[in-house]
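Just so you know, the sequences run in chain order A and B. Read in order, the letters of the first sequence correspond to residues 0 to 103 in numbering that gives the first Met the number 0. Read in order, the letters of the second sequence correspond to residues 0 to 446 in numbering that gives the first Met the number 0. We put the beta carbon where it would ideally sit given N, CA and C, even for glycine. Written below as structure tokens is the structure these notes are about.
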Amino acid sequence: MDIEKKLINVKYKTDENSHLVLNQEICKVCEDKVCLNICPANVYKQGVCTELSENDSENNGTIDSITVEYENCLECGACRVACPYGAIDWKYPKSGCGVVYKFT
Amino acid sequence: MEREKFNIDAIVVGAGPAGISAALTLKRGGKNVVVLERSDKAGTKNMFGGAVYLNSIKSILPNSFNTAPYERFIVNHTYSFLNDSGSVDIKSTALADNTTATVMRPKFDAWMVEEAKKEGVYFAPKTLVKKLIYKNGSVIGVKTEQEKYFAPVVILADGVNSLLSKDVGLRKEFFPKDMVLSVKETYKLDKKILEERFNLEPETNEGAMYEFFGGLSGFYLTEKKKKYPVTPFAIGFLYTFKDTISLGLGISLEDLVQYKVKPYEVLEKFKSHPVVKKLIAGAESNEYSAHMIPEYGYNHLSKLYANGVLIAGDAAGLINSAHFEGTNFAIESGKLAGETAIIALNLGKYRHNILKVYEEKLRKSFVLKDMKSYRNVVETLYGRKNSILKYYPDKMGEFFETLHVVDNVDKKRKFRRFFRTIFFDRSIMDLFRDFRAFIKLFFEIMF
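And the structure:
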């Protein structure tokens with residue numbers, strides 16, 4: 000049973016904005032990418048951002064970035080501890096938002 | 000100099016067992032206390048195995064502890080050592096059924112809140128504390144998303160991640176070796192089937208629990224084009240509820256990082272083990288969850304107090320994971336934090352020289368006594384993980400197989416063959432290291 004199936008059963012109250020904010024400048028040069036493996040809810044995914052940066056003409060308009068599917072966050076805090084470079088500005092979701100467990 | 004005016008005596012951040020215990024204690028000491036909780040309903044952001052200890056609940060709610068929403072009372076406790084095909088189990092049955100009971104946190108924590116409200120504790124859910132407020136080097140209140148609350152004493156019971164404890168400099172940053180990441184699934188299972196499967200008297204609330212060691216072969220780390228077998232340090236658990244089972248693992252965060260393994264992959268591997276698979280056969284998964292357990296232990300505890308502030312429960316790292324004890328530490332430390340706050344309030348003095356009474360109380364209690372006794376257990380077991388999670392479970396399985404398989408080979412030859420593997424499967428130094436680790440822990444716990 001893969002992670003998407005596991006998360007289907009979890010109840011959330013989703014906020015409009017992400018409570019997790021990455022410093023993508025660090026993520027761009029990070030080789031470990033620990034977040035991609037460590038998150039029990041698979042919140043972090045390797046994404047390709049097609050924003051053309053002014054100083055980035057060599058990159059053909061694509062920049063490696065990490066996408067943050069904060070809606071699935073279980074608020075465990077593992078990413079905050081595991082990221083070796085402090086690239087994650089980890090906060091709790093806005094009060095009343097985030098995961099709502101039923102049987103834990 | 001104008002003194003800050005307080006109309007609240009104490010603010011408690013977090014409505015888990017630690018926070019509610021602190022609040023109840025304060026209220027009973029005649030103090031006004033407010034509990035601020037970030038979730039809509041207490042317990043909906045908490046997760047554990049798990050079971051609570053009735054003596055612990057009784058210690059904070061002596062008159063109503065038997066009305067808590069207990070699921071099943073544990074009468075069978077199994078230690079299961081998993082080898083590749085089966086297990087060797089050590090099972091205690093007919094345990095006293097009034098000591099340990101499974102609960103679901105969204106129900107249980109909410110019940111504790113209701114009990115606290117009945118006694119006059121003010122409870123504010125949906126209230127996230129963003130920052131602590133300081134004046135003259137003391138904490139004098141908190142800032143939530145909407146407003147500020149002032150009180151001469153703030154008790155932080157905000158769980159394992161406790162951002163506020165870090166804020167106030169009471170603890171350093173965490174590293175993966177400080178934490179265990181627990182992942183869990185709950186499964187709905189027909190009551191009759193559950194009772195039969197776990198050998199529980201039908202139509203009663205008897206319950207069972209398991210602890211699993213081993214059963215996680217098949218993980219590899221690829222380095223420089225070579226594949227190495229690795230064993231992530233993880234202990235499994237299973238608890239029975241009325242018509243639900245919980246199954247999960249506490250996994251070393253350090254191992255998840257260094258072996259580049261996803262936590263749910265470890266869970267799936269565990270679930271696919273033939274013994275585990277049978278225990279959840281036919282059960283329907285109804286919730287997945289994850290939570291961290293603070294494992295930095297006695298040797299690396301944060302400061303437990305500072306001017307105007309005390310920390311209790313998981314926020315203070317008070318856990319004895321070897322015995323699955325956390326909620327009882329939370330309740331006791333919450334209670335002692337409450338008692339300390341009362342002393343400070345009665346004296347009108349809130350600086351660290353007064354609040355240090357909290358640490359003294361904790362030292363005299365089972366909380367820090369146990370944490371001190373067990374201060375090296377997790378680190379030592381981690382250092383011997385290949386023994387505990389692979390070698391001994393495998394050897395136990397092999398031993399019983401040698402004992403039970405009847406073929407046309409004489410016993411002397413069979414047993415000699417088995418004992419030879421003990422000496423040749425790994426170096427004698429490993430046995431020596433295991434023995435030394437065991438002796439060290441034995442003496443630290445007993446003396």
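Chain A contact for residue i (CB, 7 Å cutoff)
i: B:V167; result: no
i: B:E400; result: no
i: B:F269; result: no
i: B:E113; result: no
i: B:N37; result: Residue 37 of chain B is actually Arg in this sequence, not Asn. Judged by the 7 Å Cβ criterion, B:R37 is in contact with chain A.
i: B:R104; result: yes
i: B:E1; result: Low per-residue confidence applies at B:E1: pLDDT is 40, beneath 50, and the placement is therefore not dependable, though the value from the model is reported in the following sentence. No, its Cβ sits nowhere closer than 7 Å to a Cβ of chain A.
i: B:H290; result: yes
i: B:P175; result: yes
i: B:K171; result: no
i: B:I263; result: Checking the sequence, you will find Tyr at residue 263 of chain B rather than Ile. Yes, its Cβ sits closer than 7 Å to a Cβ of chain A.
i: B:T126; result: yes
Residue i (DSSP reduced to helix, strand or coil)
i: B:N385; result: helix
i: B:P228; result: strand
i: B:G312; result: helix
i: B:I330; result: helix
i: A:D152; result: Because chain A spans 0 through 103 in this model, residue 152 of chain A falls outside it and cannot be assessed.
i: A:D55; result: Confidence is the limiting factor: at A:D55 the pLDDT is only 49, short of 50, which leaves the residue's position unreliable, though a coordinate-based value still follows. Reduced to three states, the DSSP call for A:D55 is coil.
i: B:A123; result: strand
i: B:L303; result: coil
i: B:I234; result: strand
i: B:A50; result: strand
i: B:K134; result: strand
i: A:G60; result: For A:G60, the pLDDT reaches just 45, beneath the cut-off of 50, and the residue's location in the model is therefore unreliable, leaving the point undetermined.
i: B:Q257; result: helix
i: B:V12; result: strand
i: A:H18; result: coil
i: B:N75; result: strand
i: B:I342; result: helix
i: B:S55; result: helix
i: B:G337; result: helix
For residue i, the first and last residue of its enclosing beta strand (DSSP E)
i: B:M291; result: 283 to 293
i: B:T243; result: 243 to 251
i: B:A100; result: 99 to 101
i: B:F218; result: 218 to 222
i: B:L35; result: 32 to 35
i: B:A436; result: First-last for B:A436: 427 to 445, but that is the alpha helix (DSSP H), not the beta strand (DSSP E).
i: B:H322; result: Looking at the DSSP string, B:H322 is not in any beta strand (DSSP E), and its letter there is neither H nor E.
i: A:A40; result: Taken as a continuous stretch (DSSP letters only), A:A40 belongs to no beta strand (DSSP E), as it is neither H nor E.
i: B:L155; result: 152 to 155
i: B:S164; result: Taken as a continuous stretch (DSSP letters only), B:S164 belongs to no beta strand (DSSP E), being part of the alpha helix (DSSP H) at 162 to 166.
N- and C-terminal bounds of the alpha helix (DSSP H) containing residue i
i: B:L278; result: 273 to 278
i: B:N352; result: 351 to 354
i: A:A81; result: 77 to 81
Chain B within 7 Å of residue i, Cβ atoms only
i: A:T66; result: no
i: A:G60; result: Interpretation of A:G60 is limited by its pLDDT of 45, a score under 50 that renders its predicted location unreliable; the figure taken from the coordinates is listed afterwards. No, its Cβ sits nowhere closer than 7 Å to a Cβ of chain B.
i: A:A86; result: no
i: A:L73; result: yes
i: A:N8; result: yes
i: A:Y91; result: yes
i: A:L51; result: Any reading at A:L51 must be qualified, since the residue scores a pLDDT of 46, below 50, and its modelled position is unreliable; the value itself is stated next. No - not a single Cβ of chain B is within 7 Å of the one on A:L51.
i: A:I25; result: no
i: A:K101; result: yes
i: A:K5; result: yes
i: A:V104; result: No statement about residue 104 of chain A is possible, as the shown extent of chain A runs from 0 to 103 and does not include it.
Presumed contact (8 Å Cβ cut-off) between residue i and residue j, rounded CB distance
i: B:L454; j: B:R37; result: Any answer about residue 454 of chain B is impossible in this case: the structure gives chain B only from 0 up to 446.
i: A:E68; j: A:K93; result: The Cβ separation is near 17 Å, so there is no contact.
i: B:F507; j: B:S79; result: Outside the shown range of chain B, which is 0 to 446, sits residue 507 of chain B, and nothing can be said about it.
i: B:A150; j: B:I10; result: 4 Å
i: B:K187; j: B:D108; result: Rounded, the Cβ-Cβ distance is 21 Å, inconsistent with contact.
i: B:T98; j: B:N54; result: 7 Å
i: B:S161; j: B:N306; result: Not confirmed; about 18 Å, so no contact.
Chain D contact for residue i (CB, 7 Å cutoff)
i: A:N16; result: Checking the listed chains, one finds no chain D in this structure; the protein chains it contains are A and B.
Cβ-heavy atom distance, residue i to the ligand ZN, below 6 Å
i: B:V229; result: Although the ligand ZN was asked about, the structure shown includes no ligands whatsoever.
Subject >> Three or more C-beta pairs below 8 Å linking the stretch 20 to 33 of chain A and the stretch 84 to 92 of chain A >> reply: At 8 Å Cβ cutoff, the stretches touch.
Original post:
So does the stretch 417 to 426 of chain B actually touch the stretch 274 to 293 of chain B, counting three or more Cβ pairs closer than 8 Å?
Top reply: The stretch 417 to 426 of chain B is not in contact with the stretch 274 to 293 of chain B.
**OP:** Could you tell me whether the stretch 7 to 17 of chain B touches the stretch 305 to 325 of chain B, using the rule of 3 or more Cβ pairs below 8 Å?
**Re:** Verdict: yes, contact present.
Original post:
Hey, is the stretch 317 to 332 of chain B in contact with the stretch 371 to 388 of chain B, meaning 3+ C-beta pairs nearer than 8 Å?
Top reply: The answer is yes - the stretch 371 to 388 of chain B touches the stretch 317 to 332 of chain B, with three or more Cβ pairs under 8 Å.
Original post:
Does the stretch 382 to 402 of chain B come within contact of the stretch 73 to 89 of chain B, defined as at least 3 CB pairs closer than 8 Å?
Top reply: Here the stretch 382 to 402 of chain B lies against the stretch 73 to 89 of chain B, with 3 or more beta-carbon pairs under 8 Å apart.
Subject >> the stretch 225 to 238 of chain B / the stretch 135 to 155 of chain B touching (three or more Cβ pairs under 8 Å) >> reply: In this structure the stretch 225 to 238 of chain B does not lie against the stretch 135 to 155 of chain B, because fewer than three pairs of beta carbons, one per stretch, are closer than 8 Å.
**OP:** Report yes or no: do the stretch 176 to 183 of chain B and the stretch 330 to 340 of chain B share at least 3 C-beta pairs separated by less than 8 Å?
**Re:** No: fewer than three Cβ pairs fall under 8 Å.
**OP:** Decide if the stretch 298 to 305 of chain B is in contact with the stretch 343 to 359 of chain B; the criterion is three or more beta carbon pairs, one per stretch, under 8 Å apart.
**Re:** Contact between the stretch 298 to 305 of chain B and the stretch 343 to 359 of chain B is established, with three or more Cβ pairs separated by less than 8 Å.
Original post:
So, do the stretch 267 to 278 of chain B and the stretch 214 to 223 of chain B have three or more beta carbon pairs nearer to each other than 8 Å?
Top reply: Cβ pair count under 8 Å is three or more, so yes.
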